[in-house]
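Only one structure is covered here, and it is reproduced in the block below.
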Amino acid sequence: MSTINTDGKQWRFESIDIRAGMAIALWREERDAEHGLPPEHAPALFFGPPHFQPEPMVNTAVALSACRGTFEPGLYIDEKGQIEASFATPEQVSEFLRRAYVSGAAGDGGDGGDAGPVPPPPEGDDGNWEPSPSYESRIVWDLTTRIKQFETAVQALPQSSSKSFFWGEAVIQRQERYIGKRAAVDGDVSALATAGLALIAEMLRRMPAMSEAKAWLRWYDDARELTCVLVELGVIQLIQVGPFRDGLETVLRRSRLVEIENMSEKRRLRLLWLILFGPVVHGSSSLQNLISLLDELGDDEYWYFSDRWIFPAFMHQGDPLDTLSRLPLPDVLHSILPDDVRNKASVFHLLNLFVAEPQIVSRDPSTTQLALCLALFAAACIASTRTAVHHAGAAQLSFGHNDHERARRAIEQAHTWLIEHLPRTAYAKSYEAIIGKTKLLRYFRRA
């Protein structure tokens, strides 16, 4: 444990823009009540994204001039502004700023900007979704246990103290399994399927009316983006012809069925299937093209809930963060985000929040497992190798012992990525509170 004394010289912020993750820290004593000028010869370091590596500075006057912009003069851990945040080492400063910066991304969109990942859900829709039964995931269980340990460590730390934290060993990727170390099992893979079903359910809940052509086409693009991710991560086999097949059918039956008159429920269900997994169509007549295809396919069962499907397997090398920002976060998890972000909440927001402030997902024990499954899904999107663009007219799926392999590799890479990016240091409660509040900060133009 490292104790951060406020009496002697420590690294203290002379100026800081915490949401931007940028700060100038000086090795000095605590500032006096009159906030005097910084010491002329005090060692000074600049920190900033993406690597937050300390950069020596010669002229400390830069710290004062930075306050003319978005920087603030110093950072205090008490409400009265009397106790400055202080750190024993530059590494502690770096980790604190990194986490605060990532936390700020969980508030993106709250001050305007992008309108959100997809059209908002219809008014009066409570958004309740019941996760389908999943196999117990050792990775999810381990993360849940360590989150509790992290929160206990934070609560036990005295003010102005910190402690290194270890998130355990990552499950070993396939090429390292031969040496006998632990690797992902079927229950771990089910975490990705649980997340995939939750995202499909939320996407279908947000499907706009067919009469709103512009909104529907935008929704359709985002829905097909989700389908591409499911293919890339190997989740599609699990929910199409694997153990989660019944869960997918349940999700489709509970969804808002398309608003077309004189269409039976069975036909509507098949149309939903084509919208999500059928050939990609473009333009204002896309829906009519899908209906025409539905007529051509007729009532044959071979293409529906079987080991044969007609999805064109196209994938791309797009920005994974952009993809995550287009996947809407299930409504049951909105409460952990800022109020002005909830209607725009995406998996991108959840991942940033979890990496910066992992203890927040345990606020509601009933949703902790779902939050962790989605965090692993998001991490898999980033860590998994994105394949090049290619198209195919049709694909045939089967499910057997080896069909878990792609999803197993994805969950292993996701777990490794999370361990590398979760907090390496637990700070005292007052410092953790500052990190958590960063997501509430907004930039506004000064008059």
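Residues 2 to 448 (the numbering used here) are what the sequence shown spells out, left to right. By construction, the Cβ of each residue, glycine as well, lies at the ideal position given by its N, Cα and C atoms.
Three-state class that DSSP yields for residue i in the structure shown
{"i": "Ser87", "result": "strand"}
{"i": "Asp341", "result": "helix"}
{"i": "Lys81", "result": "coil"}
{"i": "Ile292", "result": "helix"}
{"i": "Asp320", "result": "coil"}
{"i": "Trp168", "result": "coil"}
{"i": "Ala21", "result": "coil"}
{"i": "Tyr102", "result": "helix"}
{"i": "Glu203", "result": "helix"}
{"i": "Tyr428", "result": "strand"}
{"i": "Gln358", "result": "Checking the sequence, you will find Glu at residue 358 rather than Gln. If DSSP states are grouped into helix, strand and coil, Glu358 belongs with coil."}
{"i": "Ala408", "result": "helix"}
{"i": "Ala64", "result": "helix"}
{"i": "Phe48", "result": "strand"}
{"i": "Ser138", "result": "coil"}
{"i": "Leu375", "result": "helix"}
{"i": "Arg175", "result": "Note that Arg175 has pLDDT 49, beneath the 50 cutoff, so the model's placement of it is unreliable and the number below is only indicative. Looking at Arg175 - three-state DSSP - the assignment turns out to be helix."}
Contacts around residue i, its chain only, beta-carbon distance under 6 angstroms, and the 5 residues preceding and following it disregarded
{"i": "Ile237", "result": "Leu231"}
{"i": "Leu419", "result": "Ala380"}
{"i": "Ile19", "result": "Ala101, Thr439"}
{"i": "Ala86", "result": "Leu76, Ile78"}
{"i": "Arg99", "result": "Phe53"}
{"i": "Asn290", "result": "Val282"}
Same chain, Cβ closer than 7 angstroms to residue i, neighbours up to 5 away in sequence not counted
{"i": "Thr145", "result": "Thr369, Leu373"}
{"i": "Ala411", "result": "Leu193, Leu234, Gly235, Ala381, Ser385"}
{"i": "Trp168", "result": "Arg147, Ile420, Leu423"}
{"i": "Pro209", "result": "Pro120, Ala216, Trp217, Trp220"}
{"i": "Leu325", "result": "Ser347, Val348, Phe349, Leu352, Ala379, Cys382"}
{"i": "Gln160", "result": "Ala429, Ser431"}
{"i": "Trp28", "result": "Lys10, Trp12, Ala43, Pro44"}
{"i": "Val141", "result": "Ala192, Gln370, Leu373, Cys374"}
Exposure label - residue i; buried when at least 16 CB within 10 Å
{"i": "Ser256", "result": "buried"}
{"i": "Arg254", "result": "exposed"}
{"i": "Gln83", "result": "exposed"}
{"i": "Val342", "result": "buried"}
{"i": "Asp189", "result": "buried"}
{"i": "Gln54", "result": "exposed"}
{"i": "Gly22", "result": "buried"}
{"i": "Gln360", "result": "buried"}
{"i": "His405", "result": "buried"}
{"i": "Gly70", "result": "exposed"}
{"i": "His391", "result": "Model confidence at His391 stands at a pLDDT of 44, short of 50, so the residue's coordinates are unreliable and nothing is read from them."}
Euclidean distance between Cα positions of residue i and residue j
{"i": "Leu441", "j": "Asn344", "result": "15 angstroms"}
{"i": "Ile148", "j": "Phe97", "result": "18 angstroms"}
{"i": "Phe355", "j": "Val186", "result": "23 angstroms"}
{"i": "Ala427", "j": "Leu371", "result": "24 angstroms"}
{"i": "Arg443", "j": "Tyr102", "result": "13 angstroms"}
{"i": "Arg425", "j": "Trp274", "result": "43 angstroms"}
{"i": "Leu330", "j": "Pro366", "result": "17 angstroms"}
{"i": "Thr195", "j": "Pro44", "result": "51 angstroms"}
{"i": "Trp220", "j": "Arg206", "result": "11 angstroms"}
{"i": "Leu295", "j": "Leu239", "result": "24 angstroms"}
{"i": "Arg139", "j": "Ala202", "result": "25 angstroms"}
{"i": "Gly105", "j": "Leu351", "result": "12 angstroms"}
{"i": "Val155", "j": "Leu270", "result": "49 angstroms"}
{"i": "Ser265", "j": "Arg409", "result": "38 angstroms"}
{"i": "Val252", "j": "Ile276", "result": "14 angstroms"}
{"i": "Ile292", "j": "Asp320", "result": "32 angstroms"}
{"i": "Asn60", "j": "Lys10", "result": "19 angstroms"}
{"i": "Ala357", "j": "Glu92", "result": "16 angstroms"}
{"i": "Ser163", "j": "Ala429", "result": "6 angstroms"}
{"i": "Glu152", "j": "Val362", "result": "11 angstroms"}
{"i": "Ala89", "j": "Phe14", "result": "12 angstroms"}
{"i": "Ala107", "j": "Glu297", "result": "46 angstroms"}
{"i": "Pro50", "j": "Thr417", "result": "22 angstroms"}
{"i": "Val94", "j": "Ala62", "result": "20 angstroms"}
{"i": "Pro339", "j": "Asn263", "result": "43 angstroms"}
{"i": "Lys267", "j": "Gly437", "result": "47 angstroms"}
Other residues of its chain near residue i: CB distance less than 8 angstroms, five sequence neighbours each side excluded
{"i": "Ser16", "result": "Ala24, Ile25, Ala64, Leu65, Ala67, Cys68, Phe72, Glu73, Pro74, Gly75"}
Whole-number beta carbon distance between residue j and residue i, since they are thought to touch under 8 angstroms
{"i": "Leu322", "j": "Phe349", "result": "6 angstroms"}
{"i": "Leu328", "j": "Leu249", "result": "No, Leu328 and Leu249 are not in contact; Cβ-Cβ is about 17 angstroms, not under 8 angstroms."}
{"i": "Val281", "j": "Arg364", "result": "The Cβ separation is near 39 angstroms, so there is no contact."}
{"i": "Phe48", "j": "Met58", "result": "Their Cβ separation, rounded to whole angstroms, is 11 angstroms, which puts Phe48 and Met58 out of contact at 8 angstroms."}
{"i": "Ala415", "j": "Leu377", "result": "5 angstroms"}
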